[in-house]
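For reference, the structure is listed below as structure tokens.
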Amino acid sequence: MNHPNISNRKRNAAQANRLKKIPFNFTLSSVDVSGSLPYLTTWKSAIPENLKSTMSATNGNNSVDQANLKSLKERLTAEQYHVTQEKGTERPFSGVYNHHSDPGTYKCVVCDDVLFSSDSKFDSGCGWPAFSDVLDKSKVKLTPDFSHGSSRTEVTCNKCGAHLGHVFDDGPKPTGQRYCINSASLNFAGKK
1 MNHPNISNRK
11 RNAAQANRLK
21 KIPFNFTLSS
31 VDVSGSLPYL
41 TTWKSAIPEN
51 LKSTMSATNG
61 NNSVDQANLK
71 SLKERLTAEQ
81 YHVTQEKGTE
91 RPFSGVYNHH
101 SDPGTYKCVV
111 CDDVLFSSDS
121 KFDSGCGWPA
131 FSDVLDKSKV
141 KLTPDFSHGS
151 SRTEVTCNKC
161 GAHLGHVFDD
171 GPKPTGQRYC
181 INSASLNFAG
191 KK
């Protein structure tokens with residue numbers, strides 16, 4: 001006796017194999033994606049317009065060339081390099097600035113650009129340093145991030161492209177923002 005599901009699976013598999021497929025291979029938010037999709041019109045039509053700008057041949061960091069990457073590997077710790085250049089994340093509650101409360105400013109560990117003030121730092125309980133605002137909005141770039149199966153907004157240094165962390169809409173008033181930033185992406189300069 002033939003099982004009806006087996007014949008249905010064979011028929012569905014045969015139909016799927018007849019679909020014209022196109023190959024693709026690109027990097028989107030530092031995640032390599034390759035395989036094939038059912039034919040649409042072109043492979044580019046499968047990518048929403050707002051995501052095409054995040055595609056690149058590098059790890060999303062077009063401001064740092066290959067010669068500088070080698071220099072950064074020598075200058076930064078392994079964790080700082082992983083966080084800033086490979087869009088990594090330090091373990092929660094492990095960062096040196098998570099419970100740091102001295103007055104001063106927080107700078108990008110890669111280019112030394114001043115990004116955050118201790119005046120906007122607060123304890124969100126999330127395990128990473130949290131800021132309600134940046135010193136100057138032009139100092140950071142906000143980009144949609146759909147990695148790891150979630151929708152977030154990535155925060156990068158606008159000067160050098162270093163990955164800093166993410167921003168969320170659950171912070172304190174008046175901004176309502178929570179810039180959740182990796183300690184490994186920051187240096188601190190105390191007030192003199």
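Sequential numbering from 1 applies to the sequence shown in full-length UniProt numbering.
Virtual Cβ for every residue (Gly too), placed ideally from N, Cα, C.
Keep in mind it's a predicted model, so treat the numbers as computed, not measured.
Classify residue i as buried or exposed, calling it buried when 16 or more other Cβ atoms lie within 10 Å of its own Cβ.
i: GLU154; result: buried
i: residue 259; result: Only positions 1 to 192 of the chain appear in this structure, which leaves residue 259 out of reach.
i: GLY125; result: exposed
i: PHE116; result: buried
What separation, rounded to the nearest whole angstrom, lies between the Cα atoms of residue i and residue j?
i: LEU164; j: LYS173; result: 22 Å
i: HIS148; j: ALA189; result: 33 Å
i: ASN50; j: THR105; result: Note that ASN50 scores 44 on pLDDT, short of 50, meaning its location in the model is unreliable and no value can be drawn from it.
i: GLY176; j: LYS191; result: 26 Å
i: GLY171; j: SER132; result: 6 Å
i: CYS157; j: LYS139; result: 6 Å
i: GLN85; j: THR77; result: 12 Å
i: LEU40; j: VAL96; result: Residue placement at LEU40 is poorly supported in this model, since its pLDDT is 34, which falls under 50; the coordinates are not used for a value here.
i: ASN68; j: TYR81; result: 12 Å
i: PHE168; j: LYS70; result: 32 Å
Going by DSSP, what residue range makes up the alpha helix (DSSP H) through residue i?
i: SER124; result: Note, SER124: premise wrong, no alpha helix (DSSP H); not H, not E.
i: TYR81; result: 78-86
i: ARG75; result: 66-75
Measuring CA to CA, which of the options is closest to residue i?
i: PHE122; options: LYS137, HIS99, CYS160 and SER151; result: HIS99
i: ARG152; options: TYR179, SER117 and CYS111; result: TYR179
i: GLY127; options: GLU90, ASP145 and PRO103; result: GLU90
I want to see whether chain D comes within less than 9 Å of residue i, judged by CB atoms only; does it?
i: CYS111; result: The structure shown has no chain D; it contains just one protein chain.
Let's see if you can read the secondary structure: which residues bound the beta strand (DSSP E) around residue i?
i: ALA189; result: 186-190
i: LYS107; result: 104-108
i: LYS141; result: 140-145
i: ARG152; result: 152-157
i: HIS163; result: 163-168
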